[in-house]
Structure formats: C-alpha cells, structure tokens
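K.L.:
Quick note, the sequences are listed as chains A and B, same order.
Number 251 in the working numbering belongs to position 215 of the first sequence; there are no gaps in the numbering.
Number 155 in the working numbering belongs to position 163 of the second sequence; there are no gaps in the numbering.
We put the beta carbon where it would ideally sit given N, CA and C, even for glycine.
Since this is a predicted model, take the numbers as computed values, not measurements.
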Amino acid sequence: MSDATTNEIPVDLESKRLSVTRPDVRFDKQGEMSDDERVQKAMQHFAKDFGYVAATYMEACVHCGACAHACPFYEANPDPKLTPIWKLEPFKQAYKREAGPLSFFYKTLNLKSKVTVEQLEEWQELLYDTCTMCGRCTLVCPMSIDIATLVGMARHGMFQAGLVPHELYTVTEKAEREGSPLGATPKVFADRVEWMEDEHEVDMPLDQDQADVLVLMSSIEIQKYPESMAATGKILNQMGKSWTFHTEGYEATNFGMLSGNTQWQKDMTMKIISTAEKIGAELVILPECGHAYQALRWQGANMLGRPLPFKVQHISEFLAEAVESGAIRLNKVNKTVAFHDPCQVSRRGGATPAPRKVLDALGVDVREPESSGNLNFCCGGGGGVITIHRADSLRYKIMGNKLAQLDGTGAEMMVTSCSNCRQNFDDSGEKLHWDKQMNSLLELVADNLVEDTKS
Amino acid sequence: MTLLDFARGPAMQFAIVVFIVGISFRLVGVWALRHKPDLSEPRQTDAWKGGLKGLVQHAWPYKPFRADLVKEHIIGYVIHLGLLFVIFFYKPHVLFFQDIFGFGWPALPNGIITAIAVITIVALIIALVNRITDPVRRMLSNFDDYFSWFVTTLPFVTGLATAANIWWHYETGLAIHLLTVWLLLIYFPFGKLMHAFWFGVSRYTTGSRFARRGGIA
C-alpha cells in the first residue's frame, strides 16, 4: 500500500470509536516485497529482540492450553486458534529452527519446517485483531510465560514484513507523518487547547519555555474528550504547579509501539523526551491512556538508551499523590462506583492502587467485580484492536461479557482511567444498548475539586 | 555381556552423560543470549524477592480461574508427586542412589509405592485423554508432547512389571526397565521434559520483571 493510498483515507471523527473510515478495499499488505523477503524480514526482526527472556518463554511452554481460559477473545469465541500461545506458533517454530540452542538439530533434520508467508498472513488476525496484549493469560500460565510481550515482539516482525492490518498501518503511518494517529496535529491541538480555555475558563499554558511539569494528551482526548484537557488544567492550576502543554511534544499515544515499528516507536517517544528536556521538566504527566504508560513509563528509557531525566506518572498516580498529600481536596460523591482497570496501567503497569486511593478520597463506595484490579478482564479494545473494523463483532462480544461483570456489581456509576477503554465503552455500549456510560476518573476529580480561592 | 550388564554399564553411562550435558547445553544456550538491561526507573527495588515469590505464585490458580483449571492442577500434582515418590522413595531406587552417592534415605513401604505408581499411571492416562479430546490441547500438541508422555509412562509400566515379577525372565525384565529409564534421560534435554528446569527460570523471570513494575503476572 503506498502512502498516497493511506493519505486518502480520512479519519472518521463522527463515530463513537476513532479510526479511519471503514475501507471499501482492504490493504493488509504493505510494500513491494517477494514472499521470501517478507518471511525473512519477519523472522529477522522478530529474532532481533531475542534476549534470554524471550527465549526462556519460548522454551517453557508445555502446551497445556490454560491460557485460553484467561483470554477475553477466547471466552467470547471459544475457537482453539484464539488460544493465546497459539498466536505465536509461527514464531515459536522460527525460534526453535533458527535461534534456540537446539536449532542445529531442528534445521539439519528439518524437524520444524520453515515458516511460510501464507502462515504469517493467516496469523495477522491472531496477532493484531484478537490480542490486546492485556497479559491476563500470564496469570494462569503454570510457567508464567509473558505472552503479551512475545506478541509485541512478533508484531515487530510482522510490521517489517509489511503484514499489518490496513487500519492500524494507516493510523500508525499518519502518526509518524503528522504527529498524531487521529488527525490531532499540532495546530489542531493548539486550537483545541484555546477552545477549552474559553469554554471552561481555565488557563492552559501552551509552549512555555520553562515548566516543571509537561502534560501530555492522547489524540482520543484531544479529538473526542477535550474536557480532559480542561480538567487537568483546573487541577494543576489549583495546585499552583508550573506546567505546560507543548505543541512539540503532546501526543501520548504510540502507534509505533502498537503496530510493531520500533523506529517509529522511538521517534514518537523521543518527541516527548526532547520536549521535556528542553523545558526542563521534572515530571511528565501521562493522560488517561493505557498503552502510553507502557510506552513512556516502562519503555521510554530503553528507547532513549539511558534513564529518563524526569519522572513519569500516569494521571491517576499524580492524583493519588495529590489527594494523599492534601495538595487537593475533593467533595464527597455519594454514589456506588465500579472501576474498570486499564490493563496497561494496572496489571502490566503496576499503578493498580492509585485510582482506588482517588476513589477513596471521593468518598464513593467502590464495588469490585471478581476479576478486578490486577486480575482485571480487558475491555477488548486495547493494543490497536479498536481501530480494526473486521475485529468489531468479537470486540462487541467481549464488551458484552465485560458489561455483565460491571453491571453485576450493582454499582450506579462506572469509572475508568483510560480514554481508549472509555471510547470502547461508548462505542460498544451503544451497540449493546447499555443503560450506563463510562466516566473518566480525572473528570470526576475535576468536577468535585474543592476550589480554594486563596491559592 | 547380558542385556542387564549392558543396561547397568555402558547404556547407563551414556544416558547420564547425555542427560547432564544436554541439560547444561540447553540451559546455558538460552542464558548466553543477550541480556538487555531495563533502564526504566523501578517502582520497587529488590525485584529478586518478586522472582522468588513468582516461583510459587502459580502453584494454584487465582480465584476467578479455579472453576476452569482446578482439575488440571490436581492431575498435574498427582503426576509430579507420583514421579517424585516412586523415583526417590522406592526401596530398590534408594539402594541404587546409595550406590551412586554413597548415602541413602528412608524408603516407603513397597505396597504404598505400588499404589502410588498405579495412581500415577491412571493420572497420566487421564492427562493423555484430555490432551487428545480437548480441542485446544489437541491443536497445540506435537510429537514432543506425545513422545514425552510415552517416555515418562513407560518406566512406570516396566517398573510395575518388574516389581510384580511378571516378566518371562526377571533379569531381562529389569534390564528393560532400566533401558526405559535411560530412554527418558536421553530424551529429557531435547523436549518439553526440560520444563522441570524452565518452570523455575520462567517463573522467576516474570516474577522479578513484574515486581519491578508493581503489577502482577
């Protein structure tokens, strides 16, 4: 697929779910390459990351199939091929044949056959459409294999082989070229900040030369939930922080990471790091976005090649600290609440206690479903899945299961701290005629902030 | 040289060498691959403690998964504990190890060991039937899974036959039993039986990685 083709596909801003408009003709193969070349590139870029961690995981699987029982995709559609570890089968095959300690035997005796391009094309759906990299499968694995990380690595190979689903490739390419996957270019961002400033009468510094705190937003918030910007501004102003948004580094999402292009992942991360360094920020606050937390908090330093010269916090962590230290005070909300944990922030990010501290400060009665916190059941929209139209029907089924769990708590109000989860609840909730809506933790805090006129 | 001499002599030596060299080669081969340092700021230090916790964390399924997986865990424990008791606490086996190591330990009564062996074989058969009938496991399975099952089950069967003395010729039967054990040792480093080691490496790795972050896995 040439870039000219991708440029012509507009972002669909009317839909509850942000992606490119449903393509009439799909281009799920990119670039001009022979089949052999595709296979070679897939394997080469998959193996490039091969450290002992990934190798250990490849060696450890005993084919017990337990992982199927934790996967939201398998639960929604019990087709054996949706078993998490099966999603890595061609790469396991390649590891044994090419990289493992016994590869000599496997190759010489041809015990593992060579991976074919047809196999990889078949696996595109398994690696992209039916895995959000939520990592729930690891919880049940008797060998504790981190399958989500392996899927991320397999995507590196798939991207280089030009085998990324149409929509995900399109938004990723847009993000690399325009600075945002969903049309939130620097100009659009600046306009929206100005709009929200007027609308909510909140000062929102933009492009300051110096600031202690650099605040990022995800394009979902910029385009769909711009109140998040005002909410963040309101809280930071109340705390008297020196902070800024910056048009050179504002986009928190990292579709380079999601689609599997390591170089683009680095480009996207470096924009943020350079901007934070330029303005001398001590803290970078990530918005309500799950994968952004993975990309900067846990992978940022590894992209840079040295420890980050600033601290990184998800907004829920920042708010938890603010309520704990008494830097902000909140009005009590007299409601029962169920919280949906974003997988990348909770289970895979480790910030699980933060939103609970904030909810506690709001005085709400939190009702947890059985699988909550670190055991959370994924909403089915992460990992880029929500952008892919052909993944819709399964995503709605997963959401059906998710809504049943949340409704089962009997809570009056639903809250999360990830705008991608939130748009999935909006989109799927409408399809499934859900009688509730998903709310933002950040906006709930801003709405109930005790405004102190002295500061 | 009788078959028993062969089994007790060169066959045993060969099997033990393959077993030890093979295991070391495979473990070191993986360990020698690139170790990438993680430069992100750890949420908590002492990740090794999380690694140790990780070793036991998946010994029993978390609550939401119990209904689906408890049966599998029980079968797994029966097989593994059965192996442990029969290999290390059957009187003739203790004597065999005493010969090699120069010291022994108390054995369990023969009747109990026989019962354990029978129960273990039944559990192995259930595991195999599950593997064949469950669509997920059937799809995941390859030659290694079935052959590993075969070389694990065979010594139990030949061992029971030897203990019950139902071979046409006792010494030949004992030799066959020994040879099936050597087959297990020889195959061990090449297939999934290596999970006896990988389970520790993999669980520790995940446990320590996620302790560093603060989540669980």
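Give the secondary structure of tyrosine 286/A by DSSP, where H, G and I count as helix, E and B as strand, and everything else as coil.
P.N.:
Three-state result, tyrosine 286/A: coil.
K.L.:
Strictly under 8 Å for the Cβ-Cβ distance: is methionine 293/A near chain B by that measure?
P.N.:
no
K.L.:
Excluding the 5 residues flanking valine 348/A on each side, which residues of the same chain have their C-beta closer than 7 Å to its C-beta?
P.N.:
Val320, Leu322, Leu332, Arg333 and Gly336
K.L.:
Measure the C-alpha to C-alpha separation of threonine 133/B and glycine 101/A and round it to an integer number of angstroms.
P.N.:
It should be noted that the sequence gives serine, not threonine, for residue 133/B. Each residue's alpha carbon lies about 10 Å from the other.
K.L.:
Taking just the CA atoms, how far does arginine 213/A sit from threonine 42/A?
P.N.:
Since pLDDT at threonine 42/A reaches only 46, below the 50 mark, its modelled position is unreliable, and the value read off the structure follows with that caveat. The alpha-carbon atoms of threonine 42/A and arginine 213/A are separated by roughly 11 Å.
K.L.:
What number of angstroms, rounded off, separates the C-alpha of aspartate 254/A from the C-alpha of cysteine 415/A?
P.N.:
Residue 254/A is actually serine in this sequence, not aspartate. Approximately 18 Å, taken between the alpha carbons.
K.L.:
Which chain A residues are close to phenylalanine 191/B, counting only those with a beta carbon under 9 Å from its beta carbon?
P.N.:
Ala96, Val98, Pro178, Met179 and Ser180
K.L.:
Identify every run of the alpha helix (DSSP H) within the segment 388 to 468 of chain A, keeping only runs that are complete inside it and at least 4 residues long; order them along the chain.
P.N.:
389 to 397, 428 to 444 and 455 to 467
K.L.:
How many Å lie between valine 70/B and serine 476/A at the Cα?
P.N.:
48 Å
K.L.:
Between the segment 188 to 206 of chain A and chain B, which residues of the former have a C-beta closer than 9 Å to a C-beta of the latter?
P.N.:
Listed by position along the chain: nothing, the set is empty.
K.L.:
With phenylalanine 109/A as the anchor, note down where its alpha helix (DSSP H) starts and where it stops.
P.N.:
108 to 112
K.L.:
If you draw a straight line from the alpha carbon of serine 491/A to that of aspartate 239/A, how long is it in whole angstroms?
P.N.:
The predicted position of serine 491/A is uncertain, since its pLDDT is 46 and thus under 50; a value taken from the coordinates is nonetheless stated next. Going from the Cα of serine 491/A to the Cα of aspartate 239/A covers about 14 Å.
K.L.:
Looking at chain A, is there any beta carbon in it that lies within less than 8 Å of the beta carbon of alanine 210/B?
P.N.:
Because chain B is modelled from -7 through 209, residue 210/B falls outside the range shown and cannot be assessed.
K.L.:
Within a Cβ cutoff of 8 Å, which residues of the same chain sit near glutamine 299/A, ignoring the five residues on either side of it in sequence?
P.N.:
Gly292
K.L.:
Could you name the residues of chain B that valine 89/A contacts, counting a contact when the two beta carbons are closer than 7 Å?
P.N.:
Thr197
K.L.:
Taking Cβ-Cβ distances shorter than 7 Å, what residues in chain B pair up with asparagine 338/A?
P.N.:
Asp30, Leu31 and Ser32
K.L.:
Identify whether threonine 185/A lies in helix, strand or coil by the three-state DSSP scheme.
P.N.:
helix
K.L.:
Any beta-carbon of chain B closer than 8 Å to the one on isoleucine 308/A?
P.N.:
no
K.L.:
What whole-angstrom Cβ distance do tryptophan 279/A and aspartate 245/A have, given they're in contact under 8 Å?
P.N.:
With 8 Å as the limit, tryptophan 279/A and aspartate 245/A do not qualify as a contact, their Cβ atoms being about 13 Å apart.
K.L.:
Between the alpha carbons of arginine 383/A and isoleucine 208/B, how many angstroms are there, rounded?
P.N.:
6 Å
K.L.:
If you draw a straight line from the alpha carbon of lysine 314/A to that of valine 224/A, how long is it in whole angstroms?
P.N.:
22 Å
K.L.:
Among residues of its own chain, excluding the 5 on either side of valine 421/A, which ones have a beta-carbon nearer than 7 Å to its beta-carbon?
P.N.:
Asp165, Thr168, Ala427 and Arg431
K.L.:
Report all residues from its chain with a CB closer than 7 Å to the CB of phenylalanine 141/A; omit the five preceding and five following residues, and keep chain order.
P.N.:
Apart from the 5 residues on each side of it in sequence, phenylalanine 141/A sits with its Cβ closer than 7 Å to the Cβ of Leu147 in its chain, given in chain order.
K.L.:
Look at the alpha carbon of cysteine 379/A and the alpha carbon of glycine 42/B, and state the distance between them as a whole number of angstroms.
P.N.:
20 Å
K.L.:
What does DSSP give as the partner residues of glutamine 349/A in its beta bridges?
P.N.:
Ile321/A
K.L.:
Rounded to the nearest angstrom, what separates threonine 172/B and phenylalanine 95/B at their Cα positions?
P.N.:
If I take the Cα positions, the gap works out to 25 Å.
K.L.:
Where does glycine 386/A fall in DSSP's three states?
P.N.:
Glycine 386/A falls in the coil class under three-state DSSP.
K.L.:
Could you tell me which residues DSSP pairs with histidine 376/A in its beta bridges?
P.N.:
Thr452/A
K.L.:
Could you tell me if glutamate 50/A is buried or exposed, where buried requires 16 or more neighbouring beta carbons within 10 angstroms of its beta carbon?
P.N.:
exposed
K.L.:
Which bits of chain B does alanine 106/A rub up against, with CB to CB less than 7 Å?
P.N.:
Within 7 Å Cβ-Cβ: Phe57.
K.L.:
Please list the partners that threonine 158/A has in chain B, where partner means a Cβ-to-Cβ separation under 8 Å.
P.N.:
Note that residue 158/A is glutamate in the sequence shown here, rather than threonine. The premise fails here: glutamate 158/A is roughly 14 Å from chain B at the closest Cβ pair, so nothing lies under 8 Å.
K.L.:
Answer yes or no: does any C-beta atom of chain A fall closer than 8 Å to that of alanine 209/B?
P.N.:
yes
K.L.:
Below 7 Å on C-beta distance, what does threonine 174/A contact in chain B?
P.N.:
Correct list: Thr198 and Ala209.
K.L.:
Within 10 angstroms of its Cβ, does lysine 123/A collect 16 or more other Cβ (buried), or is it exposed?
P.N.:
So lysine 123/A counts as buried.
K.L.:
CB isoleucine 212/B to CB leucine 116/B, shorter than 8 Å?
P.N.:
Nothing can be reported for residue 212/B, as the shown portion of chain B is limited to -7 through 209.
K.L.:
DSSP state of tryptophan 160/B, grouped into three classes?
P.N.:
DSSP, reduced to helix, strand and coil, places tryptophan 160/B outside both helices and strands of the structure shown, so it counts as coil.
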